[in-house]
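Peer 1: Residue numbers (my numbering): 957 to 1120.
Quick reminder that beta carbons are idealized off the backbone N, C-alpha and C, glycines included.
Below you will find the structure I want to go over with you.
Written out as structure tokens, the structure is:
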């Protein structure tokens, strides 16, 4: 497979993963905040999608994952390799996305009259991050193979004929 096609497939996967991660992590964050509203979730989803797309287009996840899998001497596409790739992707996406969403919620709470001294950005972030990290890991592990298969199908690439 040529590099141009690989890049297109990678960008498509990044797009799919970014939207899916944003949808579910913004939903998780707003539901666990105790103050869920449709408008707050929609704003969170929109901002989160933008952030995840920027990360996805700036960070070459395939190269990063290939290097990490190689460093641990794992067989590509094996179960342990998929676990490690999911963990690495989660480490790259989730902290940034979670911090931005929590910071927005923190600023919004203060602007609506919550006393700043009673809110702890650090505590808000850590609580949300722990939940979102677990949810993100599960999502990445489950969704990545589906999105990879869908992207390859879009570009008429037969995954069974690709080197493993």
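Just how far apart, CA to CA, sit residue 992 and residue 1002?
Peer 2: So the alpha carbons of these two residues sit roughly 15 Å apart.
Peer 1: So what's residue 1032 in DSSP terms, helix, strand or just coil?
Peer 2: Coil, per DSSP.
Peer 1: Rounded to the nearest angstrom, what separates residue 1067 and residue 1114 at their Cα positions?
Peer 2: Between residue 1067 and residue 1114, the C-alpha separation is close to 53 Å.
Peer 1: Where do the N-terminal and C-terminal ends of the alpha helix (DSSP H) with residue 995 fall, by residue?
Peer 2: Note, residue 995: alpha helix (DSSP H), 994-1014.
Peer 1: When you compare each of 1083, 1058, 1097 to residue 1000 by their alpha carbons, which one comes out closest?
Peer 2: Nearest option by C-alpha distance: 1058.
Peer 1: Are residue 1037 and residue 1020 close, meaning C-beta to C-beta below 7 Å?
Peer 2: Going by C-beta atoms, residue 1037 is not nearer than 7 Å to residue 1020.
Peer 1: Can you tell me whether residue 1061 is helix, strand or coil according to DSSP?
Peer 2: The answer is helix: DSSP assigns residue 1061 an H, G or I state.
Peer 1: Give the secondary structure of residue 970 by DSSP, where H, G and I count as helix, E and B as strand, and everything else as coil.
Peer 2: Three-state DSSP puts residue 970 in a helix.
Peer 1: If you check the beta carbons only, do residue 1084 and residue 985 fall under 7 Å apart?
Peer 2: Cβ atoms of residue 1084 and residue 985: closer than 7 Å.
Peer 1: Check residue 981 in the structure and name its three-state DSSP category.
Peer 2: Residue 981: helix per DSSP, three-state reduction.
Peer 1: For residue 1049, which option in 1090, 1027, 1064, 1061 has the closest C-alpha, if you only look at C-alpha atoms?
Peer 2: The candidate whose alpha carbon is nearest that of residue 1049 is 1090.
Peer 1: Thinking residue 1046 and residue 1093 are a contact (beta carbons under 8 Å), I'd like their distance in whole angstroms, please.
Peer 2: Their Cβ separation, rounded to whole angstroms, is 5 Å, which keeps residue 1046 and residue 1093 in contact under 8 Å.
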